[in-house]
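Below: one structure, written as structure tokens.
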Amino acid sequence: MNKPVFLIFIFLISANIFSWSVFDSVRGNNFLEVNFFNVGQGDCSFIKIPNGLKVIIDGGPDHNLLVEKISKELPFWDREIDLIIFTHPEDDHFAGLFEVLKRYKVKNIVWSGEDKDGVKFKNFKVVIEKEQEDGCLVSKVKAGDRIILKDAVMEVLFPFDITGFNNQNSTNGSSVVIKLTYGLNKFLFTGDISSENEKEIINNGKDVKVDVLKVAHHGSKYSTSNYFLEKSLPKVAIIQVGKNTYGHPSKETLENLNFFGVKVFRNDIDGDIEIISDGKNLKLLSIDS
Ligand SMILES: [Zn+2]
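Each number in our numbering corresponds to the 1-based position in the sequence shown with 884 added.
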């Protein structure tokens, strides 16, 4: 039995209607805010939980961009980040975190423990060790762990076990997959997992049904299968993608999403994307190009 990573306070709202509606008043203590920042080719989400907790999932590839974007979301005197989750040790997911760790006091860091050769990640691990010495709590997570953030809950759906996983060509298949629940609303953050990994998650009995899907691996054709979409049935999909030579997002993935009637937003077209939730309803608050 896995224990929660932190235990702060659980509050789950027990209604059961989803709607994509307009709120009378937006922003404030009762709203969950999820920002999918436009950081080019890479992943970067910044989440504000009601009652003040601030969470980053992945830092994008750029050293300064994330800090710039966070500083627009927080008052200048607020220099604390409660939790950073980096899904896997690839540049386009952790490089932007160097600067965040320099400029902000980070209380918790969560990762899978999957290692990667190379100077950059080695340097990153040194920075994390230093953070740990300064009081930051660093935790390794796997499927079944839960991160309880006052009113919201994050459940780790993947990886099941990283022991023996040591594919230095790509650590994508070790990505930490997070399901964020706030009341009735659910968001899925999938890192760069493949269709094989998606299948593994479903075949292990994990409930992947969500309202908002952060599309895996920047829209690669090797992820976001019809099998996965049939189970996850998102209303909205976010593709975190920038200029790239990989052909992301792929025609196949866009077609799959279209087939299931999913509304798609992309950072390369729509800029920064912010979705807010009051626990029942979701609203697309801003799309800034
Ligand atoms: Zn990536």
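Glycine included, every Cβ here is placed at the ideal spot set by N, Cα and C.
Between which residues of its own chain and residue i is the CB-CB distance below 8 Å, once the five residues before and five after are set aside?
i: glutamate 998; result: His972, Pro973, Pro1043, Ile1046, Phe1049, Thr1055, Ser1058
i: lysine 1083; result: Ser1109, Tyr1111, Phe1112
i: serine 909; result: Caution is warranted here: a pLDDT of 45 is assigned to serine 909, below 50, making its placement in the model unreliable, and the coordinate value is therefore given only provisionally. None.
May I have the straight-line CA-CA distance separating residue i from residue j, to the nearest angstrom?
i: asparagine 919; j: asparagine 1087; result: 30 Å
i: tyrosine 1066; j: isoleucine 969; result: 18 Å
i: valine 1148; j: glutamate 1017; result: 42 Å
i: glycine 1163; j: glutamate 1039; result: 17 Å
i: leucine 1033; j: glutamate 1158; result: 20 Å
i: arginine 1150; j: valine 1037; result: 26 Å
i: asparagine 948; j: leucine 981; result: 9 Å
i: asparagine 914; j: aspartate 1001; result: 43 Å
i: lysine 1093; j: valine 1099; result: 13 Å
i: alanine 1027; j: lysine 1135; result: 30 Å
i: alanine 1121; j: leucine 1097; result: 5 Å
i: glycine 1006; j: isoleucine 1031; result: It is worth fixing the name first, because residue 1006 is lysine in this sequence and not glycine. Computed Cα separation, rounded: 26 Å.
i: isoleucine 901; j: phenylalanine 1008; result: Here the model assigns isoleucine 901 a pLDDT of 27, short of 50, so the residue's position is not dependable and the matter cannot be decided.
i: isoleucine 894; j: threonine 1137; result: Note on isoleucine 894: pLDDT 27, under 50, position unreliable in the model; no value is reported.
Output needed for residue i: all residues of its chain with C-beta closer than 6 Å, excluding positions within five of it in sequence on either side, in chain order.
i: asparagine 1128; result: Gln925
i: isoleucine 931; result: Val918, Val939
i: isoleucine 897; result: A caution first: isoleucine 897 carries a pLDDT of 27, below 50, which makes its placement in the model unreliable, though a value can still be read off. Gly1067, Gly1163.
i: phenylalanine 1144; result: Leu1113
Decide if residue i is buried, meaning its Cβ has at least 16 other Cβ atoms within 10 Å, or exposed.
i: aspartate 1091; result: exposed
i: asparagine 922; result: buried
i: glycine 1089; result: exposed
i: valine 1010; result: exposed
i: valine 1146; result: buried
i: asparagine 1081; result: buried
i: leucine 936; result: Reading off the sequence shown, one finds glycine at residue 936, where the question assumed leucine. By the neighbour-count rule (16 or more Cβ atoms within 10 Å), glycine 936 is not buried but exposed.
Nearest to residue i by CA position, among the options, is which residue?
i: tryptophan 961; options: Lys989, Lys932, Leu1113, Lys1063; result: Lys989
i: phenylalanine 1073; options: Ile1062, Glu1082, Asn1081, Ser1079; result: Ile1062
i: glutamate 952; options: Glu1039, Ser1107, Val1099, Cys928; result: Cys928
i: aspartate 1035; options: Lys1070, Glu1084, Lys1006; result: Lys1070
i: leucine 967; options: Leu916, His977, Val994, Phe921; result: Val994
i: histidine 1101; options: Lys1119, Asp1095, Gly1131; result: Gly1131
i: glutamate 983; options: Gly1002, Asn922, Ser955; result: Ser955
i: aspartate 1152; options: Phe1005, Ile941, Val1125; result: Val1125
i: isoleucine 965; options: Gly944, Leu1138, Ile933; result: Ile933
i: proline 945; options: Phe978, Leu1141, Glu1015, Asp1156; result: Phe978
i: tyrosine 1106; options: Glu1114, Ile1123, Ser1079; result: Ser1079
i: glycine 1019; options: Phe1008, Glu1139, Asn992, Asp1156; result: Asn992
i: isoleucine 1085; options: Val1060, Thr1137, Leu1168, Leu985; result: Val1060
i: asparagine 1142; options: Leu1117, Asn1165, Ser1161; result: Leu1117
Exercise. What is the chain-ordered set of residues for which the beta carbon lies under 5 Å from any non-hydrogen atom of ligand 2?
Worked result: Of the ligands one can find in the structure shown, namely ligand 1, none is ligand 2.
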